[in-house]
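For the sequence shown, the working numbering begins at 1147 and goes up steadily by one. Ideal Cβ positions, reconstructed from N, Cα and C, are used throughout, including at glycine. Just so it is clear, the structure is predicted and the values come from calculations on it, not from any experiment.
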Amino acid sequence: MTEHKNKIHIVYFTGTGGTGYAADTLTTAFKDKNYKVYCSELLQSKLPSINENETLVLMFPVYAADAPHVIYRWIASLTKVISQKAVVVSVSGGGEISPNTACRMKSVRRLIKKGYQVDNEYSLCMPSNFIMPTHDILAINLLKILPGKCEIIVNEVTGNIKRRKKVNFIDRIILLLCHGEKIGSKIAGRLMRVTDDCNGCGLCAIQCPKSNITMKDNRPEYHFSCELCLRCVYLCPKKAVKLRILKRFVLKEGFNINSYIKKIHEDTLISEEGIPDGFLWKGIVSYLQDINIL
Ligand SMILES: Cc1cc2nc3c(=O)[nH]c(=O)nc-3n(C[C@H](O)[C@H](O)[C@H](O)COP(=O)(O)O)c2cc1C
């Protein structure tokens, strides 16, 4: 077995586990090629550092056609490097439809400003945790084809095959307009409502990736750095965490990535009637139908 000089460092943020699962799958794909891989979850309390012999693979869920705020905070904290290789991977519920195509733009630019050489960017799709759930069969198939998509990423990154994506003008404009939503998400924590069903278990506070929740008198208290990742909403065993505004963001049926993972070995062929119509699912359907779409 050959010993590779370059190491891979995957740094990811995840709200409800989809990006975490994708990061684990990509880790396995690099390891299968005999690469030494470090995989670090980005938490408010833990900002990983990148060594000079590491290729950085940055992964994040798409929020309002953009990266989570914590990603920019982390990039700002990085020390300057000289032409160190970096790869940016977005994970979305909708795929490369407009305006999602702009979602990696700012993180790529900021990494380049830090001296990174970003020759590769990818878009992975995972089940949607927001507004509209992904049809079950599509969701399970997204997980099934993930190892194949990751293998392509590994082959291209290690084979020095570049893949950069163009962002169209309209998507750039929409990204600017969406900025208001991001400011909204920063105060969203203050707008969380905890109902009387709360039993004070504190799971939300323990699990919040932004450390934005503390327990006071056995009740969760939200502060000012909410990413609106919805982790606390979906994991609450009593379903006691609600949004005061933007209520439609939350899936009525809840979201649990593990329930899809459990079904990964089931026979779930995509039939014509299983494919939903409409622009919203266009990106997902083409991603599923063509292994080379990333
Ligand atoms: C606040 C919020 C905003 C989102 N915005 C988008 C979006 O603009 N486009 C999209 O395709 N998916 C969007 N999503 C869906 C997530 O990107 C998708 O479900 C992703 O897989 C979640 O990853 P996670 O489980 O690691 O948090 C959004 C989700 C949330 C919670």
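Contact between the segment 1361-1373 and the segment 1238-1256 is not established, with fewer than three Cβ pairs separated by less than 8 Å. By the Cβ criterion, the segment 1271-1290 is in contact with the segment 1164-1184, since at least three pairs of Cβ atoms, one from each stretch, lie closer than 8 Å. The chain-ordered list of residues whose CB is nearer than 7 Å to some heavy atom of ligand 1 reads T1160, G1161, T1162, G1163, G1164, T1165, G1166, P1207, V1208, Y1209, A1210, A1211, V1237, S1238, G1239, G1240, G1241, N1246, M1272, P1273, S1274, N1275, F1276, S1331, L1374, C1375, L1376, F1395, I1403.
Classified as exposed, R1219 has fewer than 16 neighbouring CB atoms from the shown chains inside 10 Å of its CB. At least 8 Å separates the beta-carbon of F1206 from that of P1194. Residue pairing by DSSP places F1206 opposite S1236 in a beta bridge.
Counting only unbroken stretches of 3 or more residues, the beta strand (DSSP E) elements lying wholly within the segment 1237-1301 are 1262-1271, in sequence order. Between L1337 and I1391 the beta-carbon gap is near 6 Å, inside 8 Å, which marks them as a contact. The beta carbon of K1182 sits closer than 6 Å to those of K1153, all from its chain and outside the five residues before and after it, given in chain order. By the 16-neighbour rule on beta-carbons within 10 angstroms, Q1353 is exposed. DSSP places H1215 inside the alpha helix (DSSP H), whose first and last residues are 1215-1223. The Cβ atoms of V1235 and Y1268 sit closer than 8 Å to each other.
With a cut-off of 8 Å on Cβ pairs, the segment 1251-1258 is in contact with the segment 1222-1236, counting three or more such pairs. In the structure shown, D1343 adopts coil according to DSSP, grouped into three states. Across the structure, N1402 and Y1380 are spaced so that their CA atoms are roughly 7 Å apart. The residues V1340, C1344, G1346, in chain order, have a CB closer than 8 Å to that of R1365 in the same chain once the five nearest residues on each side in sequence are set aside. In this structure, S1238 lies near V1208, with their beta-carbon atoms less than 8 Å apart.
Listed in chain order, the beta strand (DSSP E) elements of length 3 or more contained wholly in the segment 1163-1197 are 1183-1187. For I1316, the closest C-alpha among the options L1202, S1405, I1243 is that of I1243.
Shortest Cα-Cα distance from L1172 to any of G1400, D1413, N1301 involves N1301. Per DSSP, the continuous alpha helix (DSSP H) segment holding L1434 begins and ends at 1428-1435. Looking at the DSSP output, T1201 sits in a beta bridge with I1154. For I1352, there is no enclosing beta strand (DSSP E); the residue is found in the alpha helix (DSSP H) stretching over 1349-1353. As the crow flies, the alpha-carbon of P1355 is around 17 Å from that of I1156. Setting aside the 5 residues that flank it on each side, I1277 is surrounded in the same chain by R1394, F1395, L1397, each with a C-beta closer than 8 Å to its C-beta; the list follows chain order.
In the structure shown, L1389 falls within a strand segment according to DSSP collapsed to helix, strand and coil. Approximately 7 Å separates the beta-carbon atoms of V1216 and Q1190; this is inside 8 Å, confirming the contact.
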